[in-house]
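Numbering (this note's numbering), first residue to last: 2 to 465.
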Ligand SMILES: [Zn+2]
């Protein structure tokens, strides 16, 4: 049996309190990597001990096996538990007997038809729905399926007490977000991602890894299979053992690669959307993001993948695609609600906590009055000629002073990515804007509330 951490006990107690208050459908928020399944297993253990039955729904096959192991470990009476993939269960809903409790993992998907069909079939069952991100890309709320929300522990506390590793976050300027286009479902269009990325991104990824995470085991999230393969090749070419895994990788081969990764024989696994929810990979210390996303759920799953704690560990997150500007740092405190139209897990009108990106090493942090970069120690003034020669790129070391300074100015212009976008936006009118990102920049430039971009985006069909 797992020894429950005190914050897990707090959450379990809160669930019982809500049940006592008469709530029947409870949404529970728990940050990624903080043992959501253990919480559900403990509730299932207590429920089955009293003879109650549990229907447990997940939405990926791998997660079924993982959850079953956790439940067994916790001492749940498995004869009273039905566990399976929602896609399968929904087709056989007529054959299921009525459960006392329906538990739903990754419950931000719960509004999908497949879940609704099951929920609607058993209106008397108590529902416990757990997710790291009670948030939908389309802005929909969960008031229709949940009658209360239990927020998890603050990120600051979880880190302070060693339940999550502290992070170093780097944001190299490898994408021109102005070029990103959004698809009907709100996510970025793959072709536009390919076009927005700087051609040097693969070699930059290797450089950034070597500069800030050398030797650490990493997972890289690429925007498609081809880019995942290319990235693995660049790492291998640089002498860092890497392997690519995707949906077409035969299961045996995938399992073999994952095992080699667990054994520390592969340093970097690259993938396109495979290692998102669930799948336990405890030894990830670094995450490399090459996949821009509009989904807060994905962003937190990607970035927090590296935050499994270990004594003395600091996780490294390298964000080549500026996901930060849409969601803030993963360690940001968010105020979750069941209501719709939250922006990056914030209530309407709340903004993302501002961060500073060091123009030299690209470390991104809360400035809090700092005068120097906490990672490289350089002075954080607006870079100018007085700041002396700066080695932004190892390639520059041999270049003459004048050239170096010229190159530096160009680099800095790129780094201050926001200002480029602002310049482009400056002479536009809202009807000339083509996607959510542009609307968000426009709102910032004109000092509008963040909600403005959403409202206009919705009207224009950028958000659905
Ligand atoms: Zn720095």
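A virtual CB, placed ideally from N, CA and C, is assigned to each residue, including glycine.
Tell me, which residues are paired with residue i by DSSP?
i, result
"residue 149", "27"
"residue 221", "271 and 289"
"residue 85", "58"
"residue 198", "176"
"residue 380", "373"
"residue 128", "26 and 103"
"residue 170", "318 and 365"
"residue 344", "347"
"residue 143", "DSSP lists no partner for residue 143."
"residue 253", "Looking at the DSSP assignment, residue 253 forms no beta bridge with any residue, so it has no partner."
"residue 356", "In DSSP, residue 356 forms no bridge with anything."
"residue 245", "271"
"residue 183", "189"
Taking 6 Å as the limit between beta carbons, can you name the residues of its chain near residue i, skipping five residues before and five after?
i, result
"residue 422", "179 and 442"
"residue 129", "27 and 104"
"residue 176", "197, 198, 322 and 323"
"residue 108", "130, 131 and 132"
"residue 219", "269, 287 and 289"
"residue 46", "75, 76 and 77"
"residue 154", "8"
Beta-carbon within less than 7 Å of residue i's beta-carbon, same chain only, minus the 5 sequence neighbours each way: which residues are those?
i, result
"residue 115", "87, 88 and 91"
"residue 203", "231, 232 and 235"
"residue 187", "138, 139, 295, 464 and 465"
"residue 246", "255, 258, 270, 272 and 275"
"residue 310", "163, 164, 165 and 166"
"residue 396", "Caution is warranted here: a pLDDT of 35 is assigned to residue 396, below 50, making its placement in the model unreliable, and no coordinate value can be reported."
"residue 372", "380 and 381"
"residue 48", "55, 101 and 102"
Is the beta carbon of residue i less than 9 Å from the beta carbon of residue j?
i, j, result
"residue 111", "residue 29", "no"
"residue 364", "residue 210", "no"
"residue 159", "residue 300", "no"
"residue 214", "residue 322", "no"
"residue 85", "residue 55", "no"
"residue 339", "residue 306", "no"
"residue 354", "residue 330", "yes"
"residue 342", "residue 455", "yes"
"residue 208", "residue 242", "no"
"residue 438", "residue 157", "no"
"residue 148", "residue 24", "yes"
"residue 68", "residue 97", "no"
"residue 57", "residue 82", "yes"
"residue 434", "residue 453", "no"
"residue 362", "residue 212", "yes"
Let me confirm a value: residue i is counted as buried when at least 16 other C-beta atoms fall within 10 Å, else exposed. Which label applies?
i, result
"residue 135", "buried"
"residue 22", "exposed"
"residue 99", "exposed"
"residue 17", "exposed"
"residue 312", "exposed"
"residue 10", "exposed"
"residue 430", "exposed"
"residue 320", "buried"
"residue 479", "A question about residue 479 goes unanswered here, because the residues of the chain that appear run from 2 up to 465."
"residue 37", "buried"
"residue 284", "exposed"
"residue 248", "exposed"
"residue 444", "buried"
"residue 358", "buried"
"residue 458", "buried"
"residue 206", "buried"
"residue 80", "exposed"
"residue 185", "exposed"
"residue 260", "exposed"
"residue 448", "exposed"
"residue 368", "exposed"
"residue 34", "buried"
So residue i and residue j are in contact, right, with Cβ under 8 Å, and what is the actual spacing, rounded?
i, j, result
"residue 327", "residue 295", "7 Å"
"residue 221", "residue 308", "Rounded, the Cβ-Cβ distance is 16 Å, inconsistent with contact."
"residue 193", "residue 182", "4 Å"
"residue 172", "residue 325", "5 Å"
Within a Cβ cutoff of 8 Å, which residues of the same chain sit near residue i, ignoring the five residues on either side of it in sequence?
i, result
"residue 336", "152, 346, 347, 348 and 351"
"residue 315", "166, 167, 168 and 169"
"residue 39", "3, 5, 9, 71 and 75"
"residue 44", "13, 16, 102, 104 and 129"
"residue 191", "224 and 225"
"residue 141", "112 and 341"
"residue 52", "81"
"residue 19", "27, 149 and 151"
Does residue i come within less than 9 Å of chain C when only Cβ atoms are used?
i, result
"residue 431", "Structure shown: chain C not included; a single protein chain is present."
Please confirm whether any heavy atom of ligand 3 lies closer than 8 Å to the CB of residue i.
i, result
"residue 195", "Although ligand 3 was asked about, the structure shown includes only ligand 1 as ligands."
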